[in-house]
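Shown next, in C-alpha cells, is the structure this report addresses.
Protein chains: 6
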Amino acid sequence: MKFITFGEIMLRLQPEGFKRIDQADRYDAFFGGSEANVAVSLARFGAESTYLTKLPDNAVGEKCFKELRGEGVDVSCIVRGGARMGIYFTEKGASQRASTCLYDRAGSSITTLRKEEIDKDKLFAGAGWFHVSGITPALCPELADLTVELMKEAQLKGLVVSCDLNYRKKLWSKEAAKRVMTECMSYTDVLIANEEDVSDVFGLKADGTDIEGGKLSENGYIALGRKVMATFPALSHVAFTLRESFSASKNGWSGLLCSKKGAVRSRRYELDLIDRVGGGDSFSAGLIYALASGQNDEQAINFGIAASALKQSIEGDFNRVTVAEVNKLALGDGSGRIQR
Amino acid sequence: MKFITFGEIMLRLQPEGFKRIDQADRYDAFFGGSEANVAVSLARFGAESTYLTKLPDNAVGEKCFKELRGEGVDVSCIVRGGARMGIYFTEKGASQRASTCLYDRAGSSITTLRKEEIDKDKLFAGAGWFHVSGITPALCPELADLTVELMKEAQLKGLVVSCDLNYRKKLWSKEAAKRVMTECMSYTDVLIANEEDVSDVFGLKADGTDIEGGKLSENGYIALGRKVMATFPALSHVAFTLRESFSASKNGWSGLLCSKKGAVRSRRYELDLIDRVGGGDSFSAGLIYALASGQNDEQAINFGIAASALKQSIEGDFNRVTVAEVNKLALGDGSGRIQR
Amino acid sequence: MKFITFGEIMLRLQPEGFKRIDQADRYDAFFGGSEANVAVSLARFGAESTYLTKLPDNAVGEKCFKELRGEGVDVSCIVRGGARMGIYFTEKGASQRASTCLYDRAGSSITTLRKEEIDKDKLFAGAGWFHVSGITPALCPELADLTVELMKEAQLKGLVVSCDLNYRKKLWSKEAAKRVMTECMSYTDVLIANEEDVSDVFGLKADGTDIEGGKLSENGYIALGRKVMATFPALSHVAFTLRESFSASKNGWSGLLCSKKGAVRSRRYELDLIDRVGGGDSFSAGLIYALASGQNDEQAINFGIAASALKQSIEGDFNRVTVAEVNKLALGDGSGRIQR
Amino acid sequence: MKFITFGEIMLRLQPEGFKRIDQADRYDAFFGGSEANVAVSLARFGAESTYLTKLPDNAVGEKCFKELRGEGVDVSCIVRGGARMGIYFTEKGASQRASTCLYDRAGSSITTLRKEEIDKDKLFAGAGWFHVSGITPALCPELADLTVELMKEAQLKGLVVSCDLNYRKKLWSKEAAKRVMTECMSYTDVLIANEEDVSDVFGLKADGTDIEGGKLSENGYIALGRKVMATFPALSHVAFTLRESFSASKNGWSGLLCSKKGAVRSRRYELDLIDRVGGGDSFSAGLIYALASGQNDEQAINFGIAASALKQSIEGDFNRVTVAEVNKLALGDGSGRIQR
Amino acid sequence: MKFITFGEIMLRLQPEGFKRIDQADRYDAFFGGSEANVAVSLARFGAESTYLTKLPDNAVGEKCFKELRGEGVDVSCIVRGGARMGIYFTEKGASQRASTCLYDRAGSSITTLRKEEIDKDKLFAGAGWFHVSGITPALCPELADLTVELMKEAQLKGLVVSCDLNYRKKLWSKEAAKRVMTECMSYTDVLIANEEDVSDVFGLKADGTDIEGGKLSENGYIALGRKVMATFPALSHVAFTLRESFSASKNGWSGLLCSKKGAVRSRRYELDLIDRVGGGDSFSAGLIYALASGQNDEQAINFGIAASALKQSIEGDFNRVTVAEVNKLALGDGSGRIQR
Amino acid sequence: MKFITFGEIMLRLQPEGFKRIDQADRYDAFFGGSEANVAVSLARFGAESTYLTKLPDNAVGEKCFKELRGEGVDVSCIVRGGARMGIYFTEKGASQRASTCLYDRAGSSITTLRKEEIDKDKLFAGAGWFHVSGITPALCPELADLTVELMKEAQLKGLVVSCDLNYRKKLWSKEAAKRVMTECMSYTDVLIANEEDVSDVFGLKADGTDIEGGKLSENGYIALGRKVMATFPALSHVAFTLRESFSASKNGWSGLLCSKKGAVRSRRYELDLIDRVGGGDSFSAGLIYALASGQNDEQAINFGIAASALKQSIEGDFNRVTVAEVNKLALGDGSGRIQR
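Protein chains in written order, with the working numbering: chain A, 1 to 340; chain B, 1001 to 1340; chain C, 2001 to 2340; chain D, 3001 to 3340; chain E, 4001 to 4340; chain F, 5001 to 5340.
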C-alpha cells in the first residue's frame, strides 16, 4: 500500500550538546517536519511512502530533497520553488530545563504551494492511506483549503485518512483551528492527539469527576476518546499519546487507542530522553503502519508506542529504526542489552 | 541597583563529552570563576552588574573581556595587566566517577592587583550590593587585605555585603581562612555556605544529636544557621545549599535560608546533571537578586534554588537563564515539557 | 569621535571546511552584515562605535546582540523586535569553485524598523561620522526613506557621511538603485565602491580608450574617480577596491583613493584567501578610521587596504585585528613571520 | 539515455584537517569508488544513472545505499549481501607530503557478486552507455569474468562502452591486467587513461624522441593516442588526463581527447587542491556526459576537464556540481568571484 | 609481577553522540579488544603488562601500536604484519534502544599469527600471570591451537592462568566452543564469565528451582559457581558479573566470586551508562590485579566491580583509572562529589 | 646510538582552523617543545631517543607522558613533580597575517628540576649524542647551570653535542644569552641556528658587502658560517636554516651546512605551510640523525631540510614521518603524487 503524507519540512539547527543558543557558534543540522517525519518512518519500515511538499530550488532545498530521497521516500511529487526553507532552532533541554523550539518559518516555500502545482494523478496512484497533521492547514489559508480538499479527495478515492491534531498556538487561533479541523474530521478515519490538543481545538475535555490519579486518568482518557468518537462519527479510531513529563530528561510514555471495539492501553516505557522532537510523529507512523498491516488494536498501539520510544533515543526528528527493531521492543525486550 | 562582584575569572578547558584529560586532543573552552559567575548571572537577570578583576593584556584576556562584556557585565572597572589568565581543567564525571577540577592558577594576573589600580569612585558609584567569595582572599595575602578593605568600604557606604565562604583547601590553611574570614564576617550581611565550609572555616557544626535522617538533617542545618548567626551578629541572613550527591549524574538539590525571622527550606529538585560547576554561584546570584528585589525569604530561597537547578542543566560556568525562566520553575513548572 | 553605522546583521551558516551545503550536517555560525562589520572593525580599532539595527527578541537575536556588545560595539541604540534574524548560507570556495552566498533575509526584523523606534538624540549625541551601505536602502522602501533621512540629518549635524555602494541585484533593480543612491550622494562625503557597482548603479564607466593593461587600468580607475567626483560634487573622496580574482584561493588586492588632491594607489597584496566575505567592509572601516584620524590620503588608502588584507585571512565577517596589527602590515611587514 | 556503471564503492575514512592517521582520534566519513563516483556525477548532471554493485546488508551498507539514493542514483539494481564494505583510509597531503590511500578492501561484498544475482533485464532496459574501470576486474577472477561478460553484452545491445584503465598494482600484476584489459578493449568505444596506465597495462609508450618539454609532451601524448587507437581498432576515442604534480597542494590539470578526427587539448587549469581523490572519475563522468549529449570533441574534453577541476576543490570523492556550474567554468569564468 | 594478555585489538568507529550509523558522517575512533582492554587496565594500575597480538604494518596499525605503548603496555612482543586491523562499528544506545556492535574482523592480522613468529622466551620472561578470553580461540582454528598451547605452557611455567569465557556466537558454534574451551579449562585457574556464557559454552545452568527473585538469583549463581568448579577441578576461582539491564541508560552492576572458601557477592552499583563496551574486561583486569596483589576474595571482587563501574562512565574501551581511584570507590565513596 | 635531548615540553592550545584566539570556544591540543620535538622525530626515525624533562604529576602531565611514550621516546629518565605544564597558545596565520605564539610557561615544572633529581647513570648509559636548545638555559638560572653541566659531562663522556641557538627574547636578555651560550659553545660540536639568532646572541653578522641578492646571500651565509667556526673552534659543524617568508602561507625553505670541509647548500623547497611550528626542530632532528648515521655533509643537510619540509605540512609540533618518507623527498620526489 502506498502512503501519502503532506506538510512542511524545515531545516532544524541545534547547538552541540546541551549548549544554549546564545552560547552556540556551531549548529548540528537536521531536517524535520511532522508529516515528513511520518513519511521517513514509513519508508524505513519498508512501505511505499510518498511525501508531498514544496521545497525551494536552492542548495538547502536540494540537501533536504536528497536526504528524503536517501531515506527511501518517494520524492517524485515534491514541488520545487518558492523562496526558502522554513527553519527552526532547538535547544536540547535537560533536568528541569525544557527543550525549546524557535520557529522561523514565515514565507517558506510550502506557503506558496498551489493546487495547480500538484500532480494529483501521480500522487494518488496506487495509494491506500493519506496522512496530514494540524500544522499544515495552520500555515496559511490557502494551505487550509488545500488540506481539506486533499483529505476529501483521499476519502472519495477510498483511502484511509489519518490526522494528527498537532495544535500550534503560534500559527493560528483556537477558533480558526476549530473551524478547519472540524471540517477535516468529516474526512478522517484515524485521529491522533493528546488531551491538550483535543481541548484546545475542539473544547472537549475528560470528565473532571473521573480524574483523580494514575488509574483514573486512564479512565478519563477512555471517556474522552468516547466523546471524540461521538462528536465525529466518521472516525474509526482515536489514539492518544500519554506523556508523563517528570523532567526534560525523564518521561513516562504510553498510548491509548479507542475504537468502536473499546479502548486499549499500551505498554508503558520509562524514557531517558535523547531527543523528544518527533516523538509524536514516530508514534503516528508506527500506528499507521500497524493498522495498515492489519494488526489488531492492541498490537497497533503497542507497535506505535514502541516505535516512538525508540525514536526518543535517537538524535534528529526522523525515526531511524526498522520494523524488526520495533517489534523486538514491542514484543518484550526493552533491556537495552548490547547487540553484538 | 548596581551589584559589585570581585574575584578571579579563569579559562576553563574541558575534554569533549565524557573523555578524561589523558584521552583528550581537543578541549572545549569556557570562562568561569565564582564571582564572575555571579556577575554574569546578575547581568542576565537584567541587573546592573559590575565586575572587578584583573585580566592580562593578551589575546586570552581579551577573549574573556569580550565574553563578559557580551553578557552585559559592566567591564569598565576591570584592570588590565599581569602575566596570565589562571586556567583550570575539568573532567566531566558520570555515574560513580566524580567530576574533577585541576587548577593552574599560580601567578595569574589578579594576584598582582593592587589597591592603587582600582578606580573606587567609579566602582562604588551607584552601587547597592557588594559580593565576594572566600576564594579571592585565599589567592594571596595582598588580595586578602584588599578583600577586607573593599568589604569594609562597601559596608561604610551602605551597600549590602554578601559573602560565599567557598573554602578551597589547596589555596590556604584552615587557620588562615578562619582568621581572614572571621574578619570578613564583621562586614557581611548575607553569608552563603554549605555545611562543610562552615565546619572547615569556622569550626561550627550541626549538633550531632539532631541528625538521624532526612527530616532531622534539616533541623541540624537550622540549628547550625542559628549558631552561625549567633557567632556573627552582623549577619542578617545565612543561606545553605543542600546537595545530596547520589552520583556524579544525579543529585538532590535544595536550600535553606536562615534569618532573624527563622529558617525556610526551599523546594527540592532531583537533578540530572549536565554541568555542576558553577552551581553554587548561580544560587548566590539568584538569592542576591531575589533579596535585592525585595522578595521575602521563602521567595528568595526558592528563586535561588530554582536558578541554580537550571544552571546545572547548562554547559559552562555561567547561568544562561532569564528571570522569567527562573520564575517559571520556581513557581511550579519543572516538567521539562518542550517549549514551542 | 563616535562613529554611527546603520544596517542589517544576519546569522551566517557555513558548512565545515570546504564542504558544499548539500553535503553538510553541521554548520559553523557567524554573524555578519556590511555595516555591522564596519562597526565591529571600528570598535576593535578602539573607536567609539555605535551600531543601529533592529534585532528580534529571541535567543538568536540575543546571541547576536551579545556578540556585538562583546566586541565593544555600543549596542544601546539597537531596537529589539520584529520576527526574525535574516540568515545567509555560505559555501567556502577554492581554486576554480567560487564561494557562494545564499540569502534568506526576507521579513527580517530590520525591515520593520520605523523612524519612531529610533532614539535619534542618543544616536547622534557626540557622533562625528555616519556610515551606511547601499544594502540598507535596498531592503525595502521604508528603509530607503529612512536611510536618506538619516544621511540628511547626519550631514546637517555636521557629521562626515560615508557610503559603500554595495549594489545587490537580488534586492532591487538598477533603476531603483540609481534613483535612491543618487539622492544619497547629495549627503555623502566619502563614497566607497568598485568599478562594477559604479557602472551598475550610476552607469559611469572608465573610458575604454584608456584601458589596455595593468598600468593603464589604474589610469582608467583614476579617470572613473574623476568622473564620479564631477557627477557628485558633494563628495570629498571616492575610494575603489581593486580585486584581481585569479581564483577562489588567490586574489590580488589593492585600492585607489581619489580626492580633489588627486588619486593615490595603495600597496598591492597577493592574498591566500581564508574568508573573503567582509573584505570590502573591513576596507571601509580601515579607510574611515584612517581619514577620521587625520591620516593623509596615501596613509589612509594603505591603512584600509592593509586592514582588509588581514581580514581575508580570518574566518568570519568581522575583522578581528588591532590598529597595531594593521600598521605593522601597512608599514611594511607582510612576511607572515611567526610572532613569538 | 540511461548510463550503467559497475564497480565497488567503499567507506572512506579520513582524519580531520591535515592530521596523519597515526594522530587521528576522529575520522570524517565519505563513500567513494571509481565507478560510483562516475554514477553520482552523472546523476547530479541530471542523467539517468544506474549503478551496479553489491552492498552488505548492515548499517554501513545501508548508509551507503541511502547516500547513493539521495544523490539520485538508481539503486534498484544494487545487490545486497556479502560480508562487508571495503574501506579505505586517506591522509590529506599538502606541499611536499603526498596524500595517501590505505586500502582495506579484501573480502568486500562485491567480490562475492555472481552473475545470477544480477537482474540483467532491468539493468540494461533503456540503457545507452556502459562504464567500468580497470579496478573492477582486478578485484578477483570472478569479477574479471563478469566485467568482460557485461561489456560484451553491452556492446551487443548497442550501448556505448567506456573504460577507465585505472591500473592498481596492489590488486593484480601487469600481466594479468594486460590479458584482461586487452580483452576488454574489444568491447570498448571510449578509453580513458593516463600515460602511466597505458604503459603499465599495455606496454605502450610515447615516442621518446618527441618528448622534450611542455609543447612536445603534448605531441608525445597525441602520438601515444594514435598508437593506442591503432592497437585497439574498436576504440572511437582515447582520452588522457594530464596532471602536472607540482606538489600535493598545486597541480596543473588538462586533458587530451583523441579520435579518428584527430586530437584536441583542453584548456589548462592551475589547481589549489582541496581533495584530489576522485579527480579522474569526475573527468570520466564529464567526458561521458558530454559525448553522450552530442558535444563535439573539443567541447567534450573541455567539459570533462572543467568538471574535474571543480571536483578537486570539493571534499569527498563525489563531484557535487551541476551542468550549469561546469559550463560556467568550461565557457570561461574561472575567476572564483563570489556568487551572491 | 608481569601479566601477559593475548588476543585481538580492533579499530572501533562510533558516530558522534547518539547518532545511528546510517546518519553518521563522522566517527570517533578508539581501539579496543577484550584482552587489550585488560592489558591497558593493568598497565594503568602500574603493573608490568605485556600484550601479545599481531598488528598490520601500516598507518592504522602504527596508531594502535603507539596508543598501547603510550598507555604503558609492553609492546615489545607484538608481531607486525598481516593485512589489516579488524574493525568494529558501535552505536551508542540509550533508553530502550540497545547499543550495537557491527564487527568487520575477517582476515585481520592476528588470524595470520603463527607460533614461530612469537618470541616465547621474551614473552614469558618474568611473567606471573597469563590471561586470554574465549574470543581469541574463536577467531580461527590456528588461533584455537595457539591459545591452548600458550595456556598450557603458561601453566607449566607456573603462571596463574585466567580466562574470560566471552562466547561470541557469530565467531563459532557452541559445539566448537565447548570442545576448545573445555580443553582450556584444564589449564585455567581463574574463570570469568556471566551466566549466559556458561550456559552457551558448557551447558551448565543454575538450578531452576532456586531462582525466583533477587535474593534467590544470588543463590542460583552461587550454585552455578559450585557446579562449574566441580566440573573443572583445576579452577581455583570462578567469577560472575551480574548485570541488570534496566535499559541502555541504566544498569545494576555487581559480581560474585566463588572459590573453595565459598562465594562472595560484591557491592552493587546503579550505573548511568556512558560506554558499557569493555565493562567486562575492566572487571577482569580489576579482579586479576587484586588477586595477584594478594587481596582476599571479598576485596578482590569489590575491587573488580568498582573498577568496572568506573569504566562504564568513560568513553572508549580502555579503563582509564588508577588504583587509587578504584580504591576510593571500592572503599566507599560513590557520591560523585566534585574533586577540586 | 642513543640520543639524549633535554628541555621543556608544553601543552599547545590552538583554535580550530584559522580562528583567532578571541573567537575560539574550542582548542585543539598538542604537546610541543624544541627538544621534545627533536626527541620524537628521532624516535620515529627508529633511533633510541631518551628525553629528559620534568612533568607535573597530574592528568595533563600524564597525557603528555603517554604521548611521548606512545611515540617511542624513552621516558624512563623523565622526572615527575612540580606545579604545572607550561602552556602556549598558537594562532594559525595565513597570507599576510602571521602565526602567533602566546607563552604561559612561568613556574612550569621544569624550572624546578634540580641536578639531584636526574639519574645521570641511566641517562648517559649507552648514549652517543646530546642535544639541547638555547631555550632550556633561558628558562631560569638553575637550568642554565644545569644545561652547561650536562653539556660538559656529555662532552667528557665522548658524546657528540649539538645545540640549537633558538634565542627567545622574552625569556632572557641578549647579554645573558651571550654569556651562557658562549660557555655552551665550548662543549658543542654541532651548532644549529638562523642568521638572526647568531646576530642576537653572538653579535656575528654576515659581511654587508657580500649581500645583494639570492646568490650572494648564500655567500653571506657561508662567510657567516666561517666566522662562527672561527669564533668557536670546538665546533665541527654549523648549520643554518634559510627561511624565505613570502607570507604566512608560502615560504621558501633550504639550509646550509658548514664544516671544515666547506659549505653545502641544500635543495630548496617551496612550502605551502600547514603548521610551521616545530619546523626548525624537525630540521635539527633530521640533521642529527643523518650525521650520526654517517651521511656526508651534502646528504645530511638535504636529509634535514627534506625532513623539515615534510613537518611543515603536518599539524602539531611533532614531525610524524619515517626515514623512508624523508629519503623519498630528499632523493627527488616532491611531486606530491597520491600514494595508493
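All residues carry an ideal CB built from backbone N, CA and C; glycine is no exception. Model, not experiment: these values are computed from the prediction.
(Q) Any beta carbon from chain E within less than 8 Å of D:R3026's own beta carbon? (A) Reading the fourth sequence from its first residue, position 26 is the one you call residue 3026 of chain D. It does: the Cβ of D:R3026 has a partner Cβ on chain E nearer than 8 Å.
Q | Beta-carbon separation (whole angstroms), D:V3073 vs D:A3039, contact threshold 8 Å | A | Mapped onto the fourth sequence, residue 3073 of chain D falls at position 73. Mapped onto the fourth sequence, residue 3039 of chain D falls at position 39. At roughly 5 Å, the Cβ-Cβ gap stays under 8 Å, so D:V3073 and D:A3039 are in contact.
Q) Listed in chain order, which residues of the segment 1090–1115 of chain B have Cβ atoms closer than 8 Å to some Cβ of chain F? A) Taking 8 Å as the Cβ-Cβ cut-off against chain F, the residues of the segment 1090–1115 of chain B that qualify are E1091, T1100, L1102, D1104, A1106 and G1107.
(Q) Just list the residues that DSSP pairs D:S3259 with in beta bridges. (A) Residue 3259 of chain D sits at position 259 when you count from the first residue of the fourth sequence. Answer is D:H3237 and D:G3262, bridged to D:S3259.
Q: Please name the residue or residues paired with C:W2253 in a DSSP beta bridge.
A: Translated into positions along the third sequence, residue 2253 of chain C becomes position 253. As computed with DSSP, C:W2253 is found in a beta bridge with C:R2243 and C:Y2269.
**Q.** chain E contact residues for B:A1036, given Cβ-Cβ distances below 9 Å
**A.** The sequence position of residue 1036 of chain B within the second sequence is 36, counting from 1. Simply none; closest approach about 17 Å.
Q) Got a sec: is the Cβ-Cβ distance from E:Q4155 to anything in chain A below 8 Å? A) For the purposes of this step, residue 4155 of chain E is taken as residue 155 along the fifth sequence, with counting starting at 1. Under the Cβ distance rule, E:Q4155 does not count among the residues neighbouring chain A, no pair being separated by less than 8 Å.
Q) Is the beta carbon of B:M1085 sitting closer than 8 Å to the one on B:C1064? A) Translated into the one-based positions of the second sequence, residue 1085 of chain B becomes position 85. Translated into the one-based positions of the second sequence, residue 1064 of chain B becomes position 64. In contact: B:M1085 and B:C1064 (Cβ atoms closer than 8 Å).
Q) Candidates E:I4288, E:V4323, E:S4245 and E:R4265: which alpha carbon is nearest A:D333's? A) For the purposes of this step, residue 333 of chain A is identified with residue 333 of the first sequence, where counting begins at 1. For A:D333, the closest of E:I4288, E:V4323, E:S4245 and E:R4265 by C-alpha to C-alpha distance is E:S4245.
Q) Among residues of its own chain, excluding the 5 on either side of A:S34, which ones have a beta-carbon nearer than 7 Å to its beta-carbon? A) As a first step, residue 34 of chain A must be located in the first sequence, where it is residue number 34. G7, S133, I135, D164, N166 and D281.
Q) Can the beta-carbon of F:L5299 be found closer than 8 Å to that of F:I5274? A) In the sixth sequence, counting from the first residue as 1, residue 5299 of chain F sits at position 299. In the sixth sequence, counting from the first residue as 1, residue 5274 of chain F sits at position 274. The question names Leu, but residue 5299 of chain F in the sequence shown is Gln. Their beta carbons are not under 8 Å apart, which means F:Q5299 does not touch F:I5274 by this criterion.
Q: Kindly say whether C:D2189, judged by its beta-carbon, lies nearer than 8 Å to any beta-carbon of chain F.
A: Here residue 2189 of chain C refers to the residue found at position 189 of the third sequence. Between C:D2189 and chain F, the shortest Cβ-Cβ separation is not below 8 Å.
Q. Counting only beta-carbon atoms, is A:G225 nearer than 8 Å to chain D?
A. On the first sequence, residue 225 of chain A is found 225 positions in, with the first residue counted as 1. With 8 Å as the cut-off, A:G225 does not count as an interface residue toward chain D.
(Q) Any beta carbon from chain G within less than 8 Å of B:D1272's own beta carbon? (A) Within the model displayed, chain G is absent; protein chains A, B, C, D, E and F are what it includes.
Q | Within 7 Å of chain C by C-beta, residues of the segment 45–70 of chain A in sequence order | A | Answer in chain order: N58, A59, V60, E62, K63 and K66.
Q) Around the Cβ of F:E5175, are there at least 16 other Cβ atoms within 10 angstroms (buried) or fewer (exposed)? A) The residue given as residue 5175 of chain F occupies position 175 in the sixth sequence. When all chains shown are included, F:E5175 counts as exposed.
Q | For B:I1192, the residue or residues it bridges with in DSSP | A | Locating residue 1192 of chain B in the second sequence gives position 192, where the first residue counts as 1. B:I1192 pairs with B:D1164 and B:A1239.
Q) Cβ of B:W1253 within 8 Å of Cβ of B:L1271? A) Counting from 1 along the second sequence, the entry for residue 1253 of chain B is found at position 253. Counting from 1 along the second sequence, the entry for residue 1271 of chain B is found at position 271. Between B:W1253 and B:L1271, the CB-CB gap stays under 8 Å.
Q | Ranges of the alpha helix (DSSP H) found wholly within the segment 4280–4335 of chain E, counting only runs of at least 4 | A | Fully contained in the segment 4280–4335 of chain E are the following alpha helix (DSSP H) runs of length 4 or more, in chain order: 4297–4311 and 4323–4330.
**Q.** Sub-8 Å separation of A:F3 and A:L52 beta-carbons
**A.** Position 3 of the first sequence holds residue 3 of chain A. Position 52 of the first sequence holds residue 52 of chain A. No, Cβ-Cβ distance for A:F3 and A:L52 is not below 8 Å.
Q. Looking only at its own chain, which residues have a Cβ that is under 6 Å from the Cβ of D:V3321, when we skip the five neighbours before and after it?
A. As a working note, residue 3321 of chain D is residue 321 in the fourth sequence. Close CB contacts of D:V3321 within its chain, under the 6 Å cut and outside five residues either way in sequence, are with L3310 (chain order).
Q | Selection from A:R69, A:D25, A:G17 and A:I21 that minimises the alpha carbon distance to A:F31 | A | For the purposes of this step, residue 31 of chain A is taken as residue 31 along the first sequence, with counting starting at 1. Comparing Cα-Cα distances from A:F31 to each of A:R69, A:D25, A:G17 and A:I21, the minimum goes to A:R69.
(Q) Let me confirm a value: B:E1212 is counted as buried when at least 16 other C-beta atoms fall within 10 Å, else exposed. Which label applies? (A) Walking along the second sequence from the start, residue 1212 of chain B turns up at place 212. With a pLDDT of 43 at B:E1212, under the threshold of 50, the modelled position of this residue cannot be trusted, and the question is left open.
Q: Put F:Q5339 into one of helix, strand or coil per three-state DSSP.
A: Start at 1 with the first residue of the sixth sequence, and residue 5339 of chain F comes out as number 339. Residue state, collapsed to three classes: strand.
Q) What is the residue span of the beta strand (DSSP E) that C:P2015 lies within? A) Here residue 2015 of chain C refers to the residue found at position 15 of the third sequence. Run containing C:P2015: M2010 to P2015, per the beta strand (DSSP E) assignment.
Q) So is D:D3281 in contact with chain F if we call contact Cβ pairs under 8 Å? A) Against the fourth sequence, residue 3281 of chain D aligns to sequence position 281. Chain F contact via Cβ: absent.
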